[in-house]
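So in the UniProt record's numbering, spot 302 of the sequence shown is number 302, and the numbers just go up one at a time. Cβ atoms here follow ideal geometry from the backbone N, Cα and C, with glycine treated the same way. If you're wondering where the values come from, they're calculated on a predicted model, not measured in any experiment. The block underneath contains the structure these notes are about, expressed in structure tokens.
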Amino acid sequence: MHEQGSRLLLPASFTGGPRYMKNMYLDAMAICRHIGFPDLFITFTCNPKWPEVTRYLQPRKLAAEDRPEILCRLFKIKLKSLMTDLTDKQLLGKTVSESKNEIKDFFNCSLKMFGRRLGRSFVRTFNINENSNCIDQPIPDIINENVLIMDELSYDRQELKADHDRDFPKLTDEQRKIYDLITDDVFSKKRGVLFVYGFSGTGKTFLWRLLSAAIRYRGEICLNVASSGIASLLLPGGRTTHSRFGIPINPYEFSTCNLIPGTDQANLVKAASLIIWDEAPMMSKDCFESLDISMAGIVGNKDNRPFAGKVVVLGGDFRQVLPVIHGAGRPEIVLESLNSSYL
């Protein structure tokens with residue numbers, strides 16, 4: 001498993017972060033300026049020898065470091081109890097700097113009790129739907145499902161199969177060899193990286209559509225990506241590589257994609273059976289290497305195979321536009337092309 005990471009800016013809501021500490025400092029200075037300096041400086045710590053902790057851990061033969069969430073919850077409870085004693089119960093005197101909690105006062109307001117007859121009428125009103133003759137329609141629970149994977153599996157399989165069977169006889173002999181080679185790698189789990197070279201008008205987009213239908217009507221996931229937004233519109237369910245894989249806009253050597261293991265987007269890439277990358281020669285080699293490094297961390301690459309063993313089909317024409325590098329000459333552009341990559 002390759003370790004990967006990306007730079008993150010900790011927001012002010014992150015406890016202990018630099019922005020959080022700065023906001024707390026400014027708030028404290030504002031309170032001292034308006035009310036006065038504090039009278040008490042209290043340090044509240046957590047002790048794993050607390051009787052509540054030992055009473056829970058000893059029968060289970062656990063150490064405090066085995067269940068850190070127990071210490072956190074107990075610390076939060078005791079801290080809240082301490083603040084209640086100091087602010088609400090005012091054990092050490094009235095707290096001058098305490099701000100009024102309007103939301104808490106609103107929920108703690110008192111309501112007059114309804115009469116007994118009025119209360120019964122409300123019960124009858126709430127139960128009026130029990131006499132309904134409507135048939136309940138259960139709603140599927142998709143809260144914990146991966147929405148991206150569900151979208152990729154929501155294609156009409158019968159329609160895709162009909163389109164596939166209609167267009168399959170239109171393949172040329174060369175296209176059929178490529179089709180058989182790719183489908184054999186996908187369904188036999190051989191894995192590998194293929195490059196389909198062809199100039200404009202040779203039927204690459206037609207082949208991509210047929211391969212996508214062949215994979216999707218069997219209930220598997222096929223990700224269609226392209227190097228540009230215009231090219232991605234020609235593919236069924238196509239997306240740009242930057243949008244689908246989180247490839248940096250300006251990649252460099254050893255850069256990684258914004259694919260965090262365990263997220264919906266990373267699990268979608270992990271579950272994909274085939275990845276079709278159109279107009280690949282337009283991209284810099286760093287884009288492909290970034291995806292290779294990221295997929296090794298997501299899928300796991302014990303054999304050091306390209307793209308963690310996923311079947312990836314690259315297509316395009318090297319006689320068209322190569323990677324555009326500002327101020328670079330022909331040698332620099334060639335060194336940044338896909339042919340110069342270790343893949």
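Supposed close pair residue i, residue j - CB separation, criterion 8 angstroms
i    : j    : result
V299 : K270 : 5 angstroms
Y179 : R216 : 15 angstroms between Cβ atoms; not a contact.
I182 : L211 : 6 angstroms
F307 : V193 : 6 angstroms
A12  : R19  : 4 angstroms
N221 : E152 : Before going on, a small fix: residue 221 reads as Ile here, not Asn. That pair is a contact at about 5 angstroms.
P261 : Q320 : The pair is not a contact, with the Cβ atoms about 35 angstroms apart (cut-off 8 angstroms).
G219 : R157 : 7 angstroms
H164 : A231 : Wrong, their Cβ atoms sit about 22 angstroms apart, outside the cutoff.
R73  : L57  : That pair is no contact at about 13 angstroms.
Where residue i falls: helix, strand or coil (DSSP)
i    : result
F195 : strand
A272 : coil
L181 : helix
V321 : coil
W277 : strand
A63  : coil
N224 : strand
V334 : helix
R305 : coil
V313 : strand
Q90  : coil
K22  : helix
I249 : coil
G115 : Note that G115 scores 49 on pLDDT, short of 50, meaning its location in the model is unreliable and no value can be drawn from it.
L8   : coil
C257 : coil
V53  : helix
L211 : helix
G16  : coil
C46  : coil
A328 : coil
M283 : coil
D156 : coil
N339 : helix
M1   : Note on M1: pLDDT 43, under 50, position unreliable in the model; the coordinate value appears next. Of the three classes helix, strand and coil, the one that applies to M1 here is coil, per DSSP.
E289 : helix
V96  : coil
Proximity below 7 angstroms, CB of residue i to CB of residue j
i           : j    : result
residue 416 : L314 : Outside the displayed span of the chain (1 to 343) sits residue 416, for which this structure offers no information.
F288        : S337 : no
L71         : C46  : yes
D317        : F199 : yes
L268        : S294 : no
S227        : T256 : no
P323        : S273 : no
D286        : P251 : yes
G309        : R191 : yes
L10         : G17  : yes
D81         : I35  : The question names Asp, but residue 81 in the sequence shown is Ser. No, Cβ-Cβ distance for S81 and I35 is not below 7 angstroms.
G229        : T241 : no
L91         : D85  : yes
I275        : L223 : yes
N339        : D264 : no
R209        : V225 : no
P48         : A64  : yes
Check: residue i C-beta below 6 angstroms from any heavy atom of the ligand NAP
i    : result
N267 : Ligands in the displayed structure: none, and consequently the ligand NAP is not present.
DSSP bridge partner residues for residue i (one or two, in chain order)
i    : result
T240 : A226
Chain B contact for residue i (CB, 7 angstroms cutoff)
i    : result
G203 : No chain B is part of this structure, which consists of one protein chain only.
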